[in-house]
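J.: According to the working numbering, the sequence shown holds residues 4 to 97 in order.
Questions regarding the structure given below will be posed in turn.
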Amino acid sequence: MFKRLIALPFAILAFAAVPATAGAQVSCTETPAQIRTLADAKGGEEAVKALKLVAVGEKLCAADAKFEAGKKFASAAKLLGTELAALSTGTTGY
């Protein structure tokens, strides 16, 4: 019983650490293209950083690490001022 009481806070922290991108659909072909289009439209330093994250995400997709790629794509989208879920639905706010 004592082990369960100690493990419970760690389980809650682990669940809370799962990003919101877990529910968003991540396509290893469409998502990078959408982020690149958004980065081209926005320009600037954030766009350059976002494109680097997209490149890393694509490499993760190639290594069959789609969940980790989703994190990179979500970070790139956030740099560009939108959410990954908004990219999936096609409503980026621009």
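Beta carbons: idealized from backbone N, C-alpha and C, even for Gly.
1. Where does T34 fall in DSSP's three states?
2. Do A71 and P35 have their C-beta atoms closer together than 8 angstroms?
3. What residue range does the alpha helix (DSSP H) around V59 cover?
4. Leaving out five residues before and five after G84 in sequence, what residues of the same chain have Cβ atoms less than 7 angstroms from its Cβ?
5. I need the straight-line Cα distance from G46 to Q28, nearest angstrom please.
6. Can you list, in chain order, the residues of its chain whose CB lies under 6 angstroms from that of C64, leaving out five sequence neighbours each side?
7. Would you mind reading off the limits of the alpha helix (DSSP H) that contains L82?
8. Express the C-alpha separation of A53 and A78 in angstroms, rounding to a whole number.
9. Helix, strand or coil for T104? Go by DSSP, reduced to three states.
T.: Reading from the atomic positions:
1. Against the sequence shown, residue 34 aligns to sequence position 31. T34 falls in the helix class under three-state DSSP.
2. Along the sequence shown, read from residue 1 onward, the residue named residue 71 stands at position 68. Along the sequence shown, read from residue 1 onward, the residue named residue 35 stands at position 32. Reading the sequence as shown, one finds Glu at residue 71 and not Ala. P35 sits away from E71, with the two beta carbons spaced by 8 angstroms or more.
3. Position 56 of the sequence shown holds residue 59. Here the alpha helix (DSSP H) through V59 covers E48 to A65.
4. Translated into the one-based positions of the sequence shown, residue 84 becomes position 81. So the list is empty, once near-sequence residues are dropped.
5. Against the sequence shown, residue 46 aligns to sequence position 43. Against the sequence shown, residue 28 aligns to sequence position 25. When rounded, the distance between both Cα atoms is 25 angstroms.
6. Against the sequence shown, residue 64 aligns to sequence position 61. Excluding sequence neighbours, C64 sits near C31 and A72.
7. For the purposes of this step, residue 82 is taken as the residue at position 79 of the sequence shown. In this chain, the alpha helix (DSSP H) harbouring L82 covers K69 to L82.
8. Looking up residue 78 in the sequence shown gives position 75. Looking up residue 53 in the sequence shown gives position 50. Rather than Ala, the amino acid found at residue 78 in this sequence is Ser. Cα-Cα distance, rounded: 7 angstroms.
9. Because the chain in this structure spans residues 4 to 97, residue 104 falls outside the shown range and cannot be described.
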